[in-house]
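In the working numbering, the protein residues as written are 242 to 677.
No residue lacks a Cβ here, since even glycine has one placed at the ideal position from N, Cα and C.
Predicted model only: the values in this text are computed from it and were never measured.
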């Protein structure tokens, strides 16, 4: 392992100290007898100054460096309010570790006009851009902070299979795979396994995992391989208990990320506002009423809000200082959701969380009564044999429980204020993209 420091860790108060850095030649400026090389690593940049009249041999070596070459520089830190980060490096040695072929396939040192497809086709270069590094540093801190919340609150971190006998949400969106000569599917959701764990006494669980949806959809919010954060908890009274967990964990996640990713947010030009007040909770019918009365808009499907509807509702609540809110009581439930009980003020016990105009999470209370569950399965036309492993867990005592699934890619998109969810995924998969 090369002995080196990240540029982030080299500060002006290290004036006079000897350091070694390694990375890519981000920019090169030749001013005659002086050459400036801006070295970029994972954490930032530092300027190295090569002067012909001080070390001619080292100066000549600097002339051999091409943009995006991999280089290592050793030298002395010098405090300088004229340099990026108020410090620069006076080199004592320079090594070219790897040459970059010229011309470069795309620009990485400044804003570019390349369209998204071109950048994704050259993703290894696109990922070198500082703003892209900031996105993925931010993403890392969001996931780290969310997991931190649940670890602090005694949740068990689980891992469920990515290959399943059937999907939790219907066959049309499933990717089939051949599993030792038998048909199986890539997992849409850990839903059924989370519920089985409630019967096993795991009580409170979370999973940072992957889900697959075979939707032939090319939108700014959909991908075929999705990063999900799933939560399930037992011994609840109703869906409000689940929403409390989602609200508190998201607020904690945003608070911690605002601190951990301050530099990333600055690089992206984003001012992250953490919602302090309770998230509004409105019924599905109230959401439809707001859209009709305030925006003269009615979603085409009677049992949904659609993309435009969510965006308009987001504008409505952001004007009131609420970037996040819940919509409760969606009709047309999946078999595992509990139906509304007598006395409920909502049409069902299923909810969505909408954050900055985009559905971020869906969840609710699950059905734990075996008879009602079997009736729902029969109504949906599901063969009980296909999920016998799941139904078996309800026969021997299932506590009241609920949970949700949160789209991590969408969370990154909304926090980083990206135009497309694919921008926050290292190597996105959609109906048209299987490489790189």
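Is it the case that the region 589–600 contacts the region 552–560, given that we only count it when at least three CB pairs across the two stretches are under 8 Å?
yes
Nearest neighbour of residue 245, chosen from 254, 283, 546 [CA to CA]:
283
Taking the straight line between their C-alpha atoms, what separation do you get for residue 193 and residue 575?
No answer is possible for residue 193: it lies beyond the span of the chain, which begins at 242 and ends at 677.
Given residue 491 as reference, the closest of 328, 655, 662 once Cα atoms are compared
655
Residue 571 beta carbon less than 9 Å from that of residue 588
yes
Can you pull the DSSP bridge partners for residue 446?
397, 473
I'd like the list of long-range same chain contacts for residue 544, defined as Cβ closer than 8 Å, with 5 residues on each side in sequence excluded.
571, 572, 573
In the structure shown, what three-state DSSP assignment does residue 374 receive?
helix
Three or more C-beta pairs under 8 Å: does that hold for the region 418–427 against the region 637–656?
no
Beta-carbon within less than 7 Å of residue 652's beta-carbon, same chain only, minus the 5 sequence neighbours each way: which residues are those?
383, 601
At what residues does the beta strand (DSSP E) containing residue 292 begin and finish?
285–292
Pairs of beta-carbons, one from the region 298–308 and one from the region 379–398, closer than 8 Å: are there three or more?
no
Let me know the beta strand (DSSP E) ranges lying completely inside the region 556–593, each 3 residues or longer, listed in chain order.
565–569
Going by DSSP, what residue range makes up the beta strand (DSSP E) through residue 349?
From DSSP, residue 349 is part of no beta strand (DSSP E); its letter is neither H nor E.
Beta-carbon spacing of residue 263, residue 314 below 9 Å:
yes
Distance check for residue 345 and residue 452, CA to CA, integer angstroms please.
35 Å
Whole-Å CB distance - residue 488 paired with residue 525, under 8 Å assumed
Residue 488 to residue 525, Cβ: 18 Å. No contact.
I'd like the ranges of any alpha helix (DSSP H) spanning at least 4 consecutive residues and lying wholly in the region 604–666.
611–621, 629–632, 649–657
Beta-carbon gap between residue 645 and residue 472 smaller than 9 Å
yes
Helix, strand or coil, according to DSSP, for residue 525 in the structure here?
helix
Using three-state DSSP, classify residue 675 as helix, strand or coil.
coil
First and last residue of the uninterrupted beta strand (DSSP E) at residue 461
Element bounds for residue 461: n/a, residue is neither H nor E.
With a threshold of 16 other CB atoms inside 10 Å of the CB of residue 266, please say whether the residue is buried or exposed.
buried
Looking only at its chain, what residues have a beta carbon closer than 7 Å to the beta carbon of residue 431, apart from the 5 residues adjacent to it on each side?
401, 448, 450, 471
Going by CA-CA distance only, name the one from 444, 421, 661 that's closest to residue 399.
444
Is it buried or exposed, residue 386, if we count other Cβ atoms within 10 angstroms and call 16 or more buried?
buried
Here's the rule I'm using: 16 or more other beta-carbon atoms within 10 Å means buried, otherwise exposed. How should residue 329 be labelled?
buried
Name the DSSP beta bridge partners of residue 328, please?
320
Cα-Cα separation, residue 666 to residue 483:
28 Å
Ignore the nearest five residues each way along the sequence and tell me which others in residue 376's own chain have a CB closer than 8 Å to its CB.
505, 509, 653, 657, 659, 664, 665
Would you identify the three-state DSSP class for residue 253, choosing helix, strand or coil?
helix
Take residue 565 and list the residues in its own chain whose beta-carbon comes closer than 6 Å to its own, dropping the five residues that flank it on each side.
516, 520, 596
Euclidean distance between Cα positions of residue 322 and residue 279:
16 Å
Roughly how many whole angstroms lie between the Cα atoms of residue 440 and residue 434?
10 Å
Beta-carbon contacts of residue 464 that lie in its chain and below 7 Å, excluding the five residues immediately before and after:
650, 662, 663, 666, 669, 670, 671
Residue 367 Cβ short of 8 Å to the ligand COA heavy atom set
Absent from the structure shown: the ligand COA. Ligands present: none.
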